[in-house]
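This report refers to the structure that appears directly beneath it.
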Amino acid sequence: MKTIQTITLVVLSIFWLQSCTKDTKQKSSNTTGSQEKPAYVIAIHGGAGVMSRDKMTDSLQMAYTSKLQEALDTAKMILTNGGTALEAVERTIQVLEASPLFNAGRGAVFTHDGHNEMDASIMDGSNLNAGAVAGVGDIKSPIEAARYVMTNSDHVLLSGKGASDFARSQGLEIVDSSYFFTERRWQSLQNMLKDEKHGTVGCAVLDKYGNLAAGTSTGGMTNKRFNRIGDSPIIGAGTYANNATCAVSATGHGEFFIRYTVAHDISALMEYKGLSLQDAADEVINNKLVAAGGDGGIIAVDKDGNYALVFNTPGMFRAFAKSTGEEGIAIFK
Ligand code: ASP
Numbered sequence: 003m004k005t006i007q008t009i010t011l012v013v014l015s016i017f018w019l020q021s022c023t024k025d026t027k028q029k030s031s032n033t034t035g036s037q038e039k040p041a042y043v044i045a046i047h048g049g050a051g052v053m054s055r056d057k058m059t060d061s062l063q064m065a066y067t068s069k070l071q072e073a074l075d076t077a078k079m080i081l082t083n084g085g086t087a088l089e090a091v092e093r094t095i096q097v098l099e100a101s102p103l104f105n106a107g108r109g110a111v112f113t114h115d116g117h118n119e120m121d122a123s124i125m126d127g128s129n130l131n132a133g134a135v136a137g138v139g140d141i142k143s144p145i146e147a148a149r150y151v152m153t154n155s156d157h158v159l160l161s162g163k164g165a166s167d168f169a170r171s172q173g174l175e176i177v178d179s180s181y182f183f184t185e186r187r188w189q190s191l192q193n194m195l196k197d198e199k200h201g202t203v204g205c206a207v208l209d210k211y212g213n214l215a216a217g218t219s220t221g222g223m224t225n226k227r228f229n230r231i232g233d234s235p236i237i238g239a240g241t242y243a244n245n246a247t248c249a250v251s252a253t254g255h256g257e258f259f260i261r262y263t264v265a266h267d268i269s270a271l272m273e274y275k276g277l278s279l280q281d282a283a284d285e286v287i288n289n290k291l292v293a294a295g296g297d298g299g300i301i302a303v304d305k306d307g308n309y310a311l312v313f314n315t316p317g318m319f320r321a322f323a324k325s326t327g328e329e330g331i332a333i334f335k
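As structure tokens, then:
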């Protein structure tokens, strides 16, 4: 009798554990109002202009999910081993830049003239230092170049040939433009697939030292002309981090994100109006931007260990993880 009771208890415990795991896996949006501040929190995006559900095959969905998982695991490993938010942001974005799936680094979209012009920025919330590159076509990892601009130059934003010269002088990897050629993006320029125009990547992290950092990397928008530069390398628009409030990375129609200084506006709503991260992000993305006609979204973490994954598009590639073990990956609403 005692044996039967024990077996029943074990089976019940397994079922309970399984249902808990499933819940945390599925929870992929909204701020968590945790009582205890977690040692770290990570939020990642891979762009808000995801293709429609009917075009997203199972295998493509799996490819995106496993790359996001790899990015998440990279950040988790760095943070668990005592690394900083800044390191985690840079390395995590590099994982996504190296993948042809996302519109950043290797998978960057093409300009109207058939080139790749990439933008990236990174910000350290502990001292408000920032670095960015814009319109670069031969730097293998634009986010790394952005970090070098921040730490090894007197400037915040370098563009075009000057940015490449700087990257070369720092010993960063310069590649032939063929590295950025992917058939899918080429076809996307040819067809101007409207629903596949955003795929920027970004990451925001809170580390155990209480420091926040954010970074964003992109190929910009398909078919862009005249050396157009979007929001991603603009501090306050596509990227912002401040230990007093939050760290934000944005993706979407850059012109709107610049005009509405989206990333900084979220921080300002928290700082000056005392809004929660979720409310601030909702106000900017789902009210202000929607009213203006700007599509896109943000991922963010705040100083207290909350995260927000907010978008006004049908989907956004996104992932989050906390040191408490909660994590999730999602694509559509
Ligand atoms: N925000 C980027 C830009 O406008 C595009 C994107 O997020 O996909 O350049």
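If you want the numbering used here, it's the position in the sequence shown, counting the first as 1, plus 2.
Backbone N, C-alpha and C fix where the C-beta goes; we use that ideal spot for every residue, glycine too.
Per DSSP, the bridge partner or partners of residue i
i	result
Leu1	There is no way to answer for residue 1, as the model of the chain reaches only from 3 to 335.
Leu74	Answer is none; Leu74 lacks a bridge partner.
Asp121	Thr220
His47	Gly204 and Arg320
Phe334	Gly317
Asp304	Cys248
Asp126	Asn131 and Ala215
Ala310	Ala302
Ile237	Thr241
Glu329	Ala323
Gly254	Gly298
Ile141	Ile176
Ala136	Ser161
Span separating the alpha-carbon of residue i from that of residue j
i	j	result
Thr241	Thr59	31 angstroms
Gly107	Gly139	9 angstroms
Asn244	Ala134	16 angstroms
Ser36	Glu185	Because the pLDDT at Ser36 is just 46, under 50, the model does not fix this residue reliably, and the point stays unresolved.
Ile237	Thr94	19 angstroms
Asn131	Ala206	15 angstroms
Val203	Val286	20 angstroms
Leu277	Lys57	38 angstroms
Gly137	Glu38	42 angstroms
Gly327	Ala293	37 angstroms
Gly84	Asp75	14 angstroms
Gly127	Lys210	14 angstroms
Gly330	Arg55	19 angstroms
Ile124	Ser61	32 angstroms
Asn129	Phe334	35 angstroms
Leu103	Arg187	9 angstroms
Arg149	Gln63	31 angstroms
Gly164	Asn229	14 angstroms
Thr153	Tyr262	28 angstroms
Ser180	Glu92	24 angstroms
Ile231	Gln189	22 angstroms
Tyr274	Pro40	25 angstroms
Pro235	Leu159	8 angstroms
Asn193	Thr224	10 angstroms
Leu271	Ala239	14 angstroms
Ala147	Gly222	17 angstroms
Phe182	Gly201	15 angstroms
Ser101	Pro316	23 angstroms
Met53	Ala332	14 angstroms
Lys226	Thr253	16 angstroms
His157	Met120	18 angstroms
Leu19	Ile145	Bear in mind that a pLDDT of 33 at Leu19, under 50, signals an unreliable position, so the model cannot answer this.
Leu279	Val264	13 angstroms
Distance CB(residue i)-CB(residue j) smaller than 8 angstroms
i	j	result
Ser161	Gly217	no
Lys305	Cys248	yes
Asn288	Asn308	no
Gly296	His255	yes
Thr220	Asn118	no
Ile268	Ala246	no
Ser166	Glu99	no
Ala50	Met318	yes
Val97	Ala73	yes
Leu311	Phe258	no
Ala169	Ile141	yes
Ile260	Asp233	yes
Leu208	Tyr42	yes
*Three or more C-beta pairs closer than 8 angstroms, one from the segment 109–124 and one from the segment 55–72: is that the case here?*
no
_Does the contact criterion of 3 or more C-beta pairs under 8 angstroms hold for the segment 78–98 versus the segment 167–179?_
no
*Are three or more beta carbon pairs between the segment 46–54 and the segment 291–306 nearer than 8 angstroms?*
yes
*Complete beta strand (DSSP E) runs within the segment 146–175 (minimum length 3 residues, chain order)*: 159–161
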